[in-house]
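Protein chains in written order, with our numbering: chain G, 42 to 255; chain Z, 7 to 528.
Here the structure is laid out as C-alpha cells; the discussion comes afterwards.
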C-alpha cells in the first residue's frame with residue numbers, strides 16, 4: 042500500500058490555469074514523493090485516512106491513502122485534535138488529510154516544547170472528559186458547544202492559532218479554495234486572465250487603459 | 007561602493023534605507039556628498055523575493071519584539087505586531103503597494119480647516135501644498151507614477167472591474183486604476199508590471215518603485231555611498247556642544263561599532279525613529295534627543311483603515327494582478343456633513359488564502375469564517391484608508407520590562423481610536439459595502455485594520471519648537487545636525503498613502519542639507 046507522508050512542505054507544482062474564470066481546471070502532475078516507513082522505535086500514534094478518489098485533490102498526491110506518524114500524541118489524541126480543527130474551521134471540501142496537517146504541526150510543537158506538550162495533552166484530556174469519553178465521536182453540534190466552553194483557555198488559543206497556518210497554507214487548501222499561489226514563474230497574469238471577468242461591463246480606457254504588451 | 011572609515015566624521019549618516027532614507031541617500035550622493043546608510047535588515051533582490059505570503063513575511067517583515075497597549079483591536083489580536091513594516095534593504099518600499107497620491111491643500115492646514123477637535127492634537131503643517139508641489143513633481147518623475155509625466159494608468163484587474171462597476175452605479179465619479187509607482191510600460195530601466203499579484207511580497211518584476219533597486223544603486227554609482235546592511239543602530243551620540251557626533255550600531259556579527267558622523271538623519275519608520283531618539287538619552291538630553299518639546303513618540307498615527315470584502319455568485323480571482331491599482335477618490339475631501347473631519351480613499355486590495363485566513367477576522371472561528379474562505383475565488387476586496395486624528399496619548403514609548411536582542415527596551419505602541427476615526431471607519435465601511443452591493447454582492451464583510459503599514463507622526467514637524475520635534479525641513483529644533491527623514495515628521499496624516507509625501511520631503515530635505523553644508527551652517 043502506498044501512503045503519503047503528510048507534510049506542509051510538499052512542493053507540488055500546479056500547472057498553468059487557463060485564461061478563463063473557471064476554478065475547476067488544470068491538471069496536476071503526479072509527483073514521485075518518497076514513501077516513509079513507520080518505524081517501530083519511534084512515534085506513538087498513527088493517523089490514517091483517504092482522499093476521495095476522483096476529487097481534484099487526489100490529483101495532487103501519488104496515492105489516495107495518507108498516513109501520519111505522531112511523535113508525542115497517541116492516535117486517540119490525534120483524532121481529537123483533528124476533529125477539533127474540523128469543528129473550528131469546517132470545510133466540507135477539505136479532506137481530513139488537511140486537518141491532519143494541524144495534528145502534525147501541533148505534535149511537532151509539543152515534541153520540541155514541554156510546556157506546549159502539557160497544555161496540549163491536558164486540553165485534549167479535558168475535552169475528551171467533557172465529552173464523556175471520546176470528543177471525536179460526538180455530533181458536530183455537541184463538539185461546537187464544548188469548544189465554545191473553552192474559548193478562553195490557552196489550549197484553545199494554541200489550537201485555533203495553529204489552524205490558521207496549518208489549514209490554510211498548504212497546496213491542498215490552495216487548490217480547494219482556488220488560489221494558485223506564486224505566479225511569476227508563469228509570467229504573472231498579464232496574459233493569463235488578470236482582467237478576464239466577463240459578468241460585469243469593462244471599465245472605459247480612461248479609467249483602465251489597455252495593457253502594454255509591446 | 008565607497009567604504010568610509012569608522013572615524014571619518016565628514017559623512018552624512020542615514021539610519022534606514024526605505025522611502026525616506028534611501029531617497030535622501032541618493033539625492034545627497036548625486037550632489038557629491040558622502041553618505042553612510044546603516045540598514046538593520048539584510049540585502050534582498052527581486053530574484054530572492056519569495057511570492058509566498060508567510061515565507062515572504064519571514065524574509066522582509068520587521069519581527070523584532072514590540073509590545074502594544076490601548077483599546078485598538080491590534081493590541082488583542084496581534085499584541086506583538088503593531089505594524090507590518092520591513093527590516094530589509096529598501097525598507098517598506100519592498101512591501102508597499104505603490105499608491106502615490108499627493109496630499110490635498112487643506113490637509114496641510116487641518117487645525118485651520120477642522121477647528122479644535124476634543125482629544126485631537128491638531129496642528130497646521132509648517133508647510134503648504136504650494137511649497138511642496140515642485141518636490142512632489144520631482145518625486146513623481148523619479149518614481150514613475152502613473153497618470154503623471156505622460157505615463158499611462160495601469161490596466162485594471164478583475165478586482166478593479168468589480169470596484170468600478172459598483173462605484174459607478176453608486177454615482178461615484180473619481181474612479182480609476184490610480185496613481186501608482188508601478189510601471190505600466192517600461193521606464194527608467196525598469197520593466198512593466200507583469201500582474202504578478204504579489205506587490206506586498208516584493209515585486210519580482212521590478213516594475214514597482216523601491217529604493218532597493220532604484221535609489222540605492224543610483225547612489226552607489228556615484229561612488230559616494232557606503233551602504234551597510236545588517237547594521238542595527240542602537241544609539242546616537244552627541245558632543246559636548248550638543249551636536250550629533252556618532253552613532254553606535256551592531257553589525258551582522260553583533261559587534262558594536264561607533265561610526266562618526268557630520269550629520270545624522272533618522273529614517274527608521276515611525277516606531278523605531280522615536281525609539282532611537284529615546285534610547286539615546288544622555289545627561290545633556292535626559293528625555294531623549296530632540297525631545298525638549300516632550301513630543302518625541304507622541305501623536306502616533308496609523309491612518310484610519312479597514313477593509314470590505316464581498317462575495318459574488320461569479321468568480322472574481324482578486325489575487326490576479328496589481329494589488330492596489332484601483333481607487334475611488336470621491337470620499338477623500340473634507341465634508342463635515344458626513345459626521346467626521348477629514349476624508350478617506352477606497353483602494354482595491356487582495357490577500358492570498360494564507361493571509362485571508364490570518365486577517366479577515368482575527369480570532370474568529372466557525373461556519374461564518376469558513377463560509378468566507380470557501381468563497382475565496384468569488385471574493386472582491388478593498389482597503390479603506392483615511393486621515394486619523396493625532397493624539398498626544400497615542401505614542402511610542404520604551405518598555406523597560408521587555409528587552410530586545412541587544413538588551414535594549416522594546417518600543418511599546420499605545421493607540422486608542424479617536425471618535426472621529428471610528429465615525430469615519432463606520433462611514434467608509436458602509437460606503438464600501440454599498441459599492442459591492444451595487445455590483446451584485448451576495449454578502450459583504452467588514453475586516454478590521456491590519457497591523458499598521460502607515461506609521462506616522464511620532465516626531466512631527468511644526469513652526470513652534472515647544473509643540474513639535476523638527477522644522478519644515480525635518481531638522482530637529484534642538485540639534486541642528488540631527489534630521490528626521492521619514493514619515494515620523496508628518497504633522498498630520500492626510501487621507502493619502504504616505505510614501506509619495508515621504509519621498510518628496512526627502513528630496514527637499516537633501517536640497518536643504520546640501521545648502522546648509524555649503525553655507526557651513528551645519
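Backbone N, C-alpha and C fix where the C-beta goes; we use that ideal spot for every residue, glycine too.
query: Would you report the Cα separation of residue 75 (chain G) and residue 138 (chain G), rounded to the nearest angstrom?
result: Here residue 75 (chain G) refers to the residue found at position 34 when the first chain is read from its first residue. Here residue 138 (chain G) refers to the residue found at position 97 when the first chain is read from its first residue. Per-residue confidence for residue 75 (chain G) stands at a pLDDT of 40, beneath the threshold of 50, marking its modelled position as unreliable; the derived number appears in the next sentence. Cα-Cα distance, rounded: 17 Å.
Range covered by the alpha helix (DSSP H) that runs through residue 435 (chain Z): Against the second chain, residue 435 (chain Z) aligns to sequence position 429. Run containing residue 435 (chain Z): 425-444, per the alpha helix (DSSP H) assignment.
task: Would you kindly work out how many angstroms separate the C-alpha atoms of residue 81 (chain G) and residue 114 (chain G), rounded to a whole number?
output: If you number the first chain from 1, residue 81 (chain G) lands on position 40. If you number the first chain from 1, residue 114 (chain G) lands on position 73. Interpretation of residue 81 (chain G) is limited by its pLDDT of 38, a score under 50 that renders its predicted location unreliable; the figure taken from the coordinates is listed afterwards. Rounded to the nearest whole angstrom, the CA to CA distance from residue 81 (chain G) to residue 114 (chain G) is 15 Å.
query: To which residues does DSSP link residue 310 (chain Z) through a beta bridge?
result: Residue numbering aside, residue 310 (chain Z) sits at position 304 when the second chain is read from its first letter. The partner list for residue 310 (chain Z) (beta bridge, DSSP) reads Z:392.
- prompt: Does any residue of chain Z bring its CB to less than 7 Å from the CB of residue 253 (chain G)?
  reply: Within the first chain, residue 253 (chain G) is the residue found at index 212, counting from 1. Yes, its Cβ sits closer than 7 Å to a Cβ of chain Z.
query: Could you give the distance in angstroms between the alpha-carbon of residue 226 (chain G) and the alpha-carbon of residue 51 (chain Z)?
result: Taking the first residue of the first chain as 1, we reach residue 226 (chain G) at position 185. Taking the first residue of the second chain as 1, we reach residue 51 (chain Z) at position 45. Computed Cα separation, rounded: 16 Å.
message: Starting from residue 62 (chain Z), trace the alpha helix (DSSP H) in both directions and tell me its first and last residue.
response: Translated into the one-based positions of the second chain, residue 62 (chain Z) becomes position 56. Residues 59-66.
- request: Pull out every residue of the stretch 371-401 of chain Z whose Cβ sits closer than 8 Å to any Cβ of chain C, in chain order.
  value: No chain C appears in the structure shown, which is made up of the protein chains G and Z.
- request: Would you list, in chain order, the members of the stretch 124-152 of chain G that have their beta-carbon closer than 8 Å to a beta-carbon of chain Z?
  value: 129, 130, 131, 132, 134
field: Residue of Z:161, Z:281, Z:104, Z:93 minimising C-alpha distance to residue 301 (chain Z)
entry: Taking the first residue of the second chain as position 1, residue 301 (chain Z) is located at position 295. Taking only the C-alpha atoms, the option nearest residue 301 (chain Z) is Z:281.
Own chain, CB closer than 6 Å to residue 25 (chain Z), minus 5 neighbours either side, in chain order: The sequence position of residue 25 (chain Z) within the second chain is 19, counting from 1. These residues qualify, in order along the chain: 99, 505, 508, 509.
query: Which whole-angstrom value describes the C-beta separation of residue 162 (chain Z) and residue 183 (chain Z), a residue pair presumed to lie in contact below a C-beta threshold of 8 Å?
result: In the second chain, residue 162 (chain Z) corresponds to position 156, counting from 1. In the second chain, residue 183 (chain Z) corresponds to position 177, counting from 1. So it is a contact: roughly 5 Å between Cβ atoms.
message: Could you give the first and the last residue of the continuous alpha helix (DSSP H) run that contains residue 35 (chain Z)?
response: Position 29 of the second chain, counted from the first residue, corresponds to residue 35 (chain Z). Counting along the chain, the alpha helix (DSSP H) containing residue 35 (chain Z) begins and ends at 25-36.
query: Going along the chain, which residues of its own chain have a beta-carbon closer than 8 Å to the beta-carbon of residue 203 (chain G), five neighbours each way excluded?
result: Here the question's residue 203 (chain G) lines up with position 162 in the first chain. Setting aside the 5 residues that flank it on each side, residue 203 (chain G) is surrounded in the same chain by 143, 146, 147, 150, each with a C-beta closer than 8 Å to its C-beta; the list follows chain order.
task: Using 10 angstroms around the beta-carbon of residue 66 (chain G), count the other beta-carbons present and answer buried if the total reaches 16, otherwise exposed.
output: As a working note, residue 66 (chain G) is residue 25 in the first chain. Its pLDDT being 38, under 50, residue 66 (chain G) is placed unreliably by the model, and nothing is read from it.
Under 8 Å by beta carbon: chain Z residues contacting residue 250 (chain G): Indexing the first chain from 1 puts residue 250 (chain G) at position 209. In chain order: 158, 159, 160, 161, 183, 190.
query: For residue 34 (chain Z), does the count of other Cβ atoms within 10 angstroms reach 16, so buried, or fall short, so exposed?
result: Sequence index remark: in the second chain, residue 34 (chain Z) carries index 28 (1-based). With 16 or more other Cβ atoms within 10 Å, it is buried.
task: Count the CB pairs spanning the stretch 135-149 of chain Z and the stretch 360-373 of chain Z that are closer than 8 Å, and state whether there are at least three.
output: The answer is no - the stretch 360-373 of chain Z does not touch the stretch 135-149 of chain Z, with fewer than three Cβ pairs under 8 Å.
From Z:279, Z:244, Z:274, residue whose alpha carbon lies closest to that of residue 265 (chain Z): Walking along the second chain from the start, residue 265 (chain Z) turns up at place 259. When each option's Cα is compared against that of residue 265 (chain Z), the closest is Z:244.
query: Near residue 79 (chain G), what residues of its chain come up, given a Cβ to Cβ distance below 8 Å and the 5 sequence neighbours on each side ignored?
result: Translated into positions along the first chain, residue 79 (chain G) becomes position 38. Confidence at residue 79 (chain G) is low in this model, with a pLDDT of 41, below 50, so its placement is unreliable and no value can be given for it.
- prompt: Looking only at its own chain, which residues have a Cβ that is under 6 Å from the Cβ of residue 2 (chain Z), when we skip the five neighbours before and after it?
  reply: Since the displayed chain Z opens at 7 and closes at 528, residue 2 (chain Z) lies outside it and no answer follows.
- prompt: Where residue 169 (chain Z) and residue 354 (chain Z) are concerned, what is the direct C-alpha to C-alpha distance, given to the nearest angstrom?
  reply: Position 163 of the second chain holds residue 169 (chain Z). Position 348 of the second chain holds residue 354 (chain Z). So the alpha carbons of these two residues sit roughly 7 Å apart.
message: Measuring only the C-alpha atoms, how far is residue 90 (chain Z) from residue 459 (chain Z)?
response: By one-based count along the second chain, residue 90 (chain Z) stands at place 84. By one-based count along the second chain, residue 459 (chain Z) stands at place 453. Residue 90 (chain Z) and residue 459 (chain Z): Cα-Cα distance of roughly 5 Å.
task: Answer with yes or no whether the minimum CB distance from residue 56 (chain G) to chain Z is below 7 Å.
output: Within the first chain, the letter at position 15 stands for residue 56 (chain G). Below a pLDDT of 50, predicted positions are generally treated as unreliable, and residue 56 (chain G), at 29, falls in that range; the measurement from the model is reported next regardless. Chain Z contact via Cβ: absent.
field: Buried versus exposed call for residue 192 (chain Z) [16 or more other C-beta atoms within 10 Å across all chains shown]
entry: As a working mapping, residue 192 (chain Z) is identified with position 186 in the second chain. By the neighbour-count rule (16 or more Cβ atoms within 10 Å), residue 192 (chain Z) is not buried but exposed.
- request: Can you check the stretch 319-378 of chain Z for any beta strand (DSSP E) of at least 3 residues that lies completely inside it and give the ranges in chain order?
  value: Runs of the beta strand (DSSP E) inside the stretch 319-378 of chain Z: 350-354.
message: Quick check on the DSSP output: the alpha helix (DSSP H) that includes residue 511 (chain Z) runs from which residue to which?
response: The residue you call residue 511 (chain Z) lines up with position 505 of the second chain. Counting along the chain, the alpha helix (DSSP H) containing residue 511 (chain Z) begins and ends at 505-524.
message: Determine whether the beta carbon atoms of residue 45 (chain Z) and residue 223 (chain Z) lie at a separation below 7 Å.
response: To locate residue 45 (chain Z), count along the second chain from 1; it is residue 39. To locate residue 223 (chain Z), count along the second chain from 1; it is residue 217. A distance of 7 Å or more separates the beta carbons of residue 45 (chain Z) and residue 223 (chain Z).
message: Could you check whether the Cβ of residue 224 (chain G) sits closer than 7 Å to any Cβ belonging to chain Z?
response: Start at 1 with the first residue of the first chain, and residue 224 (chain G) comes out as number 183. With 7 Å as the cut-off, residue 224 (chain G) counts as an interface residue toward chain Z.
message: Would you say residue 149 (chain Z) lies against chain G (beta-carbon separation less than 7 Å)?
response: If you number the second chain from 1, residue 149 (chain Z) lands on position 143. No, its Cβ sits nowhere closer than 7 Å to a Cβ of chain G.
- request: Using a Cβ cut-off of 7 Å, pull out every chain Z residue sitting near residue 240 (chain G), in sequence order please.
  value: As a first step, residue 240 (chain G) must be located in the first chain, where it is residue number 199. Those within 7 Å of residue 240 (chain G) in chain Z are 320.
task: Taking C-beta pairs closer than 9 Å, name the residues in chain G that residue 114 (chain Z) reaches, listed in chain order.
output: What you label residue 114 (chain Z) is simply residue 108 of the second chain in a count that begins at 1. Here the premise fails: no neighbours, minimum Cβ distance about 29 Å.
- prompt: Excluding five sequence neighbours on each side, which residues of the same chain lie with their C-beta closer than 7 Å to the C-beta of residue 92 (chain G)?
  reply: Residue 92 (chain G) sits at position 51 when you count from the first residue of the first chain. Taken in chain order, the residues that qualify are 98, 99, 102, 105, 107, 136, 138.
query: Going by other Cβ atoms of all chains shown within 10 Å of its Cβ, with 16 needed for buried, is residue 118 (chain Z) buried or exposed?
result: Position 112 of the second chain holds residue 118 (chain Z). Exposed, by the Cβ-count rule.
field: Close beta carbons around residue 246 (chain G), own chain, < 6 Å, minus the five adjacent residues each side
entry: For this step, residue 246 (chain G) is matched to residue 205 along the first chain. Residues of the same chain with a CB within less than 6 Å of the CB of residue 246 (chain G), apart from the 5 flanking positions on each side, do not exist.
message: Let me confirm a value: residue 195 (chain Z) is counted as buried when at least 16 other C-beta atoms fall within 10 Å, else exposed. Which label applies?
response: Residue mapping note: residue 195 (chain Z) aligns to position 189 of the second chain, counting from 1. Exposed: under 16 other Cβ atoms inside 10 Å.
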